[in-house]
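Under this note's numbering, the first residue of the sequence shown carries the number 8, and numbering increases by one thereafter. Just so you know, even glycine gets a beta-carbon here, dropped at the ideal spot from N, CA and C. The next block holds one structure in the form of C-alpha coordinates; read it before the comments.
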Amino acid sequence: MESNGIDLNHDEYQYLKLVKEIIDKGDKRIDRTCVGTLSVFGAMQRYSLRNNILPLLTTKRVFTRGVIEELLWMISGSTDSKVLAQKGVHIWDANGSRAFLDNLGFTDREEGINNPADRRMIMCAWNPSDLSQMALPPCHCLVQFHVANGKLNCLMYQRSADMGLGVPFNIASYSLLTHMIAHVTGLEAGEFVHTTGDTHVYLNHIEPLQKQLERKPKPFPTLEFARKVETIDDFKYEDFIIKNYNPHPKIEMEMAV
(Lines of atoms letter the chains of each structure in order from A and count residues from 1; the text may use other names and numbers.)
(Lines give C-alpha, C1' and ligand atoms only; values in the text may rest on other atoms or scores of the structure.)
Protein backbone atom coordinates (compact mmCIF):
# COMPACT_ATOMS: atom_id res chain seq x y z
CA MET A 1 0.00 0.00 0.00
CA GLU A 2 1.27 3.47 -0.83
CA SER A 3 0.17 6.93 0.26
CA ASN A 4 1.92 9.96 -1.23
CA GLY A 5 4.74 7.70 -2.31
CA ILE A 6 5.15 6.13 1.14
CA ASP A 7 4.94 2.35 1.51
CA LEU A 8 2.86 2.03 4.65
CA ASN A 9 3.62 -1.67 4.96
CA HIS A 10 7.08 -1.05 6.43
CA ASP A 11 6.96 -0.05 10.09
CA GLU A 12 10.05 2.14 9.79
CA TYR A 13 8.06 4.71 7.81
CA GLN A 14 6.28 5.60 11.07
CA TYR A 15 9.59 6.86 12.41
CA LEU A 16 10.53 8.69 9.22
CA LYS A 17 7.09 10.30 8.93
CA LEU A 18 7.27 11.51 12.54
CA VAL A 19 10.76 12.96 12.04
CA LYS A 20 9.54 14.84 8.95
CA GLU A 21 6.48 16.13 10.79
CA ILE A 22 8.63 17.48 13.62
CA ILE A 23 11.07 19.19 11.25
CA ASP A 24 8.23 20.68 9.19
CA LYS A 25 5.76 21.61 11.92
CA GLY A 26 7.44 21.31 15.32
CA ASP A 27 7.49 24.13 17.86
CA LYS A 28 10.91 25.65 18.49
CA ARG A 29 11.86 25.20 22.13
CA ILE A 30 14.81 25.89 24.41
CA ASP A 31 15.73 22.73 26.30
CA ARG A 32 17.88 21.61 29.23
CA THR A 33 20.95 21.28 26.98
CA CYS A 34 20.53 24.78 25.45
CA VAL A 35 21.02 23.26 21.98
CA GLY A 36 17.38 23.92 21.08
CA THR A 37 14.78 21.59 19.61
CA LEU A 38 11.81 21.34 17.32
CA SER A 39 9.10 19.51 19.21
CA VAL A 40 5.62 18.00 19.01
CA PHE A 41 3.70 16.67 21.99
CA GLY A 42 2.21 13.19 21.99
CA ALA A 43 3.06 10.55 19.38
CA MET A 44 2.68 6.80 18.95
CA GLN A 45 4.46 4.18 16.85
CA ARG A 46 3.65 0.46 16.63
CA TYR A 47 6.24 -2.14 15.65
CA SER A 48 5.39 -5.76 14.92
CA LEU A 49 7.69 -8.28 16.60
CA ARG A 50 6.03 -11.33 15.08
CA ASN A 51 8.04 -13.95 13.25
CA ASN A 52 11.10 -12.99 15.33
CA ILE A 53 11.29 -9.52 13.79
CA LEU A 54 13.60 -7.07 15.58
CA PRO A 55 12.91 -3.45 14.53
CA LEU A 56 16.42 -2.08 14.16
CA LEU A 57 16.12 0.97 11.94
CA THR A 58 17.64 0.39 8.52
CA THR A 59 17.86 3.95 7.17
CA LYS A 60 20.97 4.29 9.32
CA ARG A 61 23.03 1.75 11.21
CA VAL A 62 21.99 1.28 14.84
CA PHE A 63 24.78 0.38 17.28
CA THR A 64 23.45 -3.13 17.93
CA ARG A 65 26.14 -4.21 20.35
CA GLY A 66 25.48 -1.07 22.38
CA VAL A 67 21.75 -1.84 22.53
CA ILE A 68 22.38 -5.35 23.84
CA GLU A 69 25.13 -4.41 26.30
CA GLU A 70 23.12 -1.48 27.70
CA LEU A 71 20.03 -3.64 28.22
CA LEU A 72 22.01 -6.38 29.96
CA TRP A 73 23.71 -3.70 32.10
CA MET A 74 20.33 -2.30 33.17
CA ILE A 75 18.90 -5.74 33.92
CA SER A 76 21.94 -6.53 36.06
CA GLY A 77 21.10 -3.55 38.28
CA SER A 78 24.43 -1.81 37.72
CA THR A 79 24.65 1.96 38.23
CA ASP A 80 28.26 2.26 37.07
CA SER A 81 28.55 3.47 33.47
CA LYS A 82 32.23 2.52 33.55
CA VAL A 83 31.11 -1.11 33.15
CA LEU A 84 29.74 -0.17 29.73
CA ALA A 85 32.67 2.08 28.84
CA GLN A 86 35.09 -0.78 29.43
CA LYS A 87 33.19 -2.71 26.75
CA GLY A 88 33.43 0.16 24.28
CA VAL A 89 29.87 1.38 24.90
CA HIS A 90 29.98 5.08 25.81
CA ILE A 91 26.32 6.10 25.54
CA TRP A 92 26.06 6.80 29.29
CA ASP A 93 29.39 8.59 29.70
CA ALA A 94 27.83 12.05 29.65
CA ASN A 95 24.79 11.18 31.83
CA GLY A 96 26.13 8.85 34.46
CA SER A 97 20.13 0.95 39.32
CA ARG A 98 19.24 -3.73 41.15
CA ALA A 99 17.18 -0.39 40.82
CA PHE A 100 16.21 -1.13 37.22
CA LEU A 101 14.52 -4.28 38.45
CA ASP A 102 13.25 -3.39 41.92
CA ASN A 103 12.16 0.20 41.32
CA LEU A 104 10.46 -0.72 38.07
CA GLY A 105 8.53 -3.56 39.62
CA PHE A 106 10.39 -6.12 37.54
CA THR A 107 10.43 -8.44 40.54
CA ASP A 108 6.87 -9.44 39.54
CA ARG A 109 7.87 -10.82 36.16
CA GLU A 110 6.38 -14.24 37.06
CA GLU A 111 2.98 -12.78 36.21
CA GLY A 112 3.69 -13.35 32.52
CA ILE A 113 3.58 -17.09 33.21
CA ASN A 114 1.15 -17.40 36.11
CA ASN A 115 -1.41 -14.72 35.24
CA PRO A 116 -1.04 -13.60 31.61
CA ALA A 117 -4.41 -11.79 31.64
CA ASP A 118 -3.26 -9.46 34.44
CA ARG A 119 -3.66 -5.76 33.60
CA ARG A 120 -1.10 -4.78 36.23
CA MET A 121 2.09 -6.02 34.56
CA ILE A 122 3.71 -2.61 34.85
CA MET A 123 7.25 -1.35 35.36
CA CYS A 124 7.60 2.23 36.61
CA ALA A 125 10.90 4.09 36.88
CA TRP A 126 9.45 7.45 37.96
CA ASN A 127 10.00 7.57 41.72
CA PRO A 128 9.69 11.21 42.89
CA SER A 129 11.69 10.56 46.07
CA ASP A 130 14.68 9.41 44.00
CA LEU A 131 14.70 12.14 41.33
CA SER A 132 17.09 14.44 43.20
CA GLN A 133 19.66 11.63 43.38
CA MET A 134 19.61 10.85 39.67
CA ALA A 135 22.06 12.15 37.07
CA LEU A 136 19.07 12.46 34.73
CA PRO A 137 15.41 11.65 35.49
CA PRO A 138 14.17 8.58 33.57
CA CYS A 139 13.09 9.34 30.01
CA HIS A 140 11.34 6.02 29.45
CA CYS A 141 9.45 5.89 32.70
CA LEU A 142 6.47 3.54 32.33
CA VAL A 143 6.16 0.13 30.67
CA GLN A 144 3.11 -2.15 30.50
CA PHE A 145 3.03 -5.72 29.24
CA HIS A 146 -0.04 -7.41 27.79
CA VAL A 147 -0.60 -11.04 26.78
CA ALA A 148 -3.16 -12.07 24.17
CA ASN A 149 -3.41 -15.33 22.22
CA GLY A 150 -0.01 -16.46 23.43
CA LYS A 151 1.72 -13.27 22.33
CA LEU A 152 3.49 -10.79 24.58
CA ASN A 153 3.01 -7.11 23.77
CA CYS A 154 4.84 -4.17 25.32
CA LEU A 155 3.82 -0.51 25.60
CA MET A 156 6.41 2.01 26.76
CA TYR A 157 5.72 5.65 27.64
CA GLN A 158 8.65 7.99 27.21
CA ARG A 159 8.38 11.52 28.64
CA SER A 160 11.19 12.93 26.47
CA ALA A 161 12.13 11.43 23.13
CA ASP A 162 15.22 12.42 21.13
CA MET A 163 14.28 11.28 17.63
CA GLY A 164 17.79 11.47 16.21
CA LEU A 165 19.84 9.45 18.68
CA GLY A 166 17.64 8.12 21.47
CA VAL A 167 14.49 6.80 19.83
CA PRO A 168 16.16 4.33 17.43
CA PHE A 169 17.95 2.88 20.48
CA ASN A 170 14.77 2.84 22.57
CA ILE A 171 12.75 1.05 19.89
CA ALA A 172 15.44 -1.60 19.57
CA SER A 173 15.97 -1.96 23.33
CA TYR A 174 12.36 -2.46 24.38
CA SER A 175 11.64 -4.68 21.39
CA LEU A 176 14.63 -6.78 22.44
CA LEU A 177 13.42 -6.85 26.05
CA THR A 178 9.99 -8.04 24.88
CA HIS A 179 11.59 -10.87 22.91
CA MET A 180 13.67 -11.81 25.97
CA ILE A 181 10.70 -11.92 28.33
CA ALA A 182 8.64 -13.84 25.77
CA HIS A 183 11.47 -16.36 25.50
CA VAL A 184 11.73 -17.06 29.23
CA THR A 185 7.94 -17.16 29.73
CA GLY A 186 7.17 -19.47 26.82
CA LEU A 187 5.30 -16.83 24.83
CA GLU A 188 5.82 -15.30 21.40
CA ALA A 189 6.68 -11.62 20.94
CA GLY A 190 3.76 -9.72 19.45
CA GLU A 191 4.11 -5.94 19.26
CA PHE A 192 6.02 -3.02 20.72
CA VAL A 193 4.00 0.19 21.12
CA HIS A 194 6.06 3.35 21.66
CA THR A 195 4.22 6.35 23.13
CA THR A 196 6.14 9.60 23.58
CA GLY A 197 5.45 12.93 25.29
CA ASP A 198 7.86 15.71 24.29
CA THR A 199 8.95 14.25 20.96
CA HIS A 200 11.76 16.32 19.53
CA VAL A 201 14.55 16.84 17.04
CA TYR A 202 17.63 18.73 18.23
CA LEU A 203 18.48 21.63 15.95
CA ASN A 204 21.94 20.22 15.26
CA HIS A 205 20.34 16.94 14.12
CA ILE A 206 18.14 18.45 11.41
CA GLU A 207 20.69 18.17 8.61
CA PRO A 208 21.71 14.54 9.29
CA LEU A 209 18.06 13.54 9.73
CA GLN A 210 17.17 15.14 6.41
CA LYS A 211 19.84 12.93 4.88
CA GLN A 212 18.25 9.93 6.58
CA LEU A 213 14.81 10.88 5.24
CA GLU A 214 16.14 10.47 1.70
CA ARG A 215 16.84 6.78 2.28
CA LYS A 216 14.39 3.94 1.76
CA PRO A 217 13.94 1.36 4.52
CA LYS A 218 15.19 -2.17 4.04
CA PRO A 219 13.69 -5.32 5.62
CA PHE A 220 14.09 -5.53 9.38
CA PRO A 221 16.42 -8.23 10.73
CA THR A 222 15.30 -11.22 12.78
CA LEU A 223 16.37 -12.34 16.24
CA GLU A 224 17.26 -15.81 17.45
CA PHE A 225 18.63 -17.04 20.77
CA ALA A 226 21.66 -19.30 20.80
CA ARG A 227 20.31 -21.40 23.67
CA LYS A 228 17.30 -21.85 25.91
CA VAL A 229 17.62 -19.23 28.65
CA GLU A 230 15.63 -19.89 31.83
CA THR A 231 15.53 -16.47 33.54
CA ILE A 232 15.95 -12.86 32.47
CA ASP A 233 19.10 -12.56 34.59
CA ASP A 234 20.85 -15.37 32.73
CA PHE A 235 21.11 -13.74 29.30
CA LYS A 236 24.61 -13.09 27.98
CA TYR A 237 25.74 -11.09 24.97
CA GLU A 238 26.58 -14.30 23.11
CA ASP A 239 22.95 -15.49 23.37
CA PHE A 240 21.71 -12.96 20.80
CA ILE A 241 21.85 -13.85 17.11
CA ILE A 242 20.70 -11.05 14.81
CA LYS A 243 20.27 -12.16 11.23
CA ASN A 244 20.07 -10.20 7.98
CA TYR A 245 20.70 -6.72 9.34
CA ASN A 246 21.86 -4.81 6.27
CA PRO A 247 21.21 -1.13 7.00
CA HIS A 248 22.27 2.02 5.21
CA PRO A 249 25.56 3.49 6.53
CA LYS A 250 25.88 5.14 9.92
CA ILE A 251 24.92 8.81 10.21
CA GLU A 252 26.91 10.85 12.74
CA MET A 253 24.94 12.98 15.23
CA GLU A 254 26.27 14.80 18.27
CA MET A 255 24.73 14.01 21.64
CA ALA A 256 23.22 16.96 23.50
CA VAL A 257 24.25 16.93 27.17
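* Determine the DSSP secondary structure at Leu79, reduced to helix, strand or coil. => Leu79: helix per DSSP, three-state reduction.
* To do: Figure out for me which residue from Asp34, Glu28, Ser46, Cys161 has the closest Cα to the Cα of Ala168.
  => Comparing Cα-Cα distances from Ala168 to each of Asp34, Glu28, Ser46, Cys161, the minimum goes to Ser46.
* Minimum C-alpha distance to Leu56 - residue among Leu183, Phe176, Thr40, Leu172 -> Comparing Cα-Cα distances from Leu56 to each of Leu183, Phe176, Thr40, Leu172, the minimum goes to Leu183.
* If we ignore side chains and look at the alpha-carbon of each, how far apart do Arg72 and Phe176 end up? -> For the pair Arg72 and Phe176, the Cα-to-Cα distance works out to about 11 Å.
* Residues of its chain near Ile258, where Cβ-Cβ distance is below 7 Å and the 5 sequence neighbours each way are ignored -> Only residues of its own chain outside the window of five on either side were considered, and among them Lys67, Pro215, Lys218, Gln219 have a CB closer than 7 Å to the CB of Ile258, listed in chain order.
* Is it true that the region 189 to 197 meets the region 27 to 46, where meeting means three or more beta-carbon pairs spaced less than 8 Å apart? -> Between the region 189 to 197 and the region 27 to 46, the count of C-beta pairs closer than 8 Å stays below three; the two stretches do not touch.
* Asked: Counting pairs of Cβ atoms below 8 Å between the region 156 to 168 and the region 239 to 246, do you hit three or more?
  -> They do not touch, by the three-pair rule.
* If you draw a straight line from the C-alpha of Met260 to the C-alpha of Ala189, how long is it? -> The C-alpha of Met260 lies about 33 Å from the C-alpha of Ala189.
* To do: Identify every residue that forms a DSSP beta bridge with Thr202.
  => Looking at the DSSP assignment, Thr202 forms a beta bridge with Met51, Tyr164.
* Indicate the three-state DSSP secondary structure (helix, strand or coil) for Arg39 in the structure shown. => Looking at Arg39 - three-state DSSP - the assignment turns out to be coil, as it is neither helix nor strand.
* Helix, strand or coil for Ser104, going by three-state DSSP, please let me know. => No answer about Ser104 holds up, because its pLDDT of 44 lies below 50 and its placement is not dependable.
* **Residue nearest to Pro226 in terms of C-alpha spacing, selected from Leu63, Glu237, Cys161** => It is Leu63 whose Cα lies nearest to the Cα of Pro226.
* From which residue to which residue does the beta strand (DSSP E) around Ile248 run? -> First-last of the beta strand (DSSP E) with Ile248: 247 to 250.
* **Rounded C-alpha distance that separates Asp240 from Ser83** => Looking at the two C-alpha atoms, the distance is approximately 7 Å.
* Asked: Quick one: what's Ser46 bridged to in DSSP?
  -> The bridge partners DSSP lists for Ser46 are Asp34, His207.
* Using the Cα positions of Thr238 and Tyr54, report the straight-line distance between them to the nearest angstrom. => If you take the alpha carbons of Thr238 and Tyr54, they lie about 25 Å apart.
* Cutoff 7 Å; reference Arg234; Cβ partners in own chain excluding five residues on either side -> Closer than 7 Å at Cβ, skipping near neighbours: Asp246.
* Through-space distance from Val174 to Ile249, alpha-carbon basis -> Taking the straight line from one Cα to the other gives about 20 Å.
* Asked: Between the Cα of Cys41 and the Cα atoms of Ile60, Ile213, Tyr209, Phe70, which residue gives the shortest distance?
  -> If we check each option's Cα against that of Cys41, Tyr209 comes out closest.
* Quick one: what's got a C-beta closer than 8 Å to Pro251's C-beta in the same chain, skipping five residues either side? -> According to the sequence as given, residue 251 is Asn; it is not Pro. Pro226, Pro228, Thr229, listed in sequence order.
* Asked: Taking the alpha-carbon positions, what's the Asn16 to Pro224 distance?
  -> Their backbone Cα atoms lie some 11 Å apart in a straight line.
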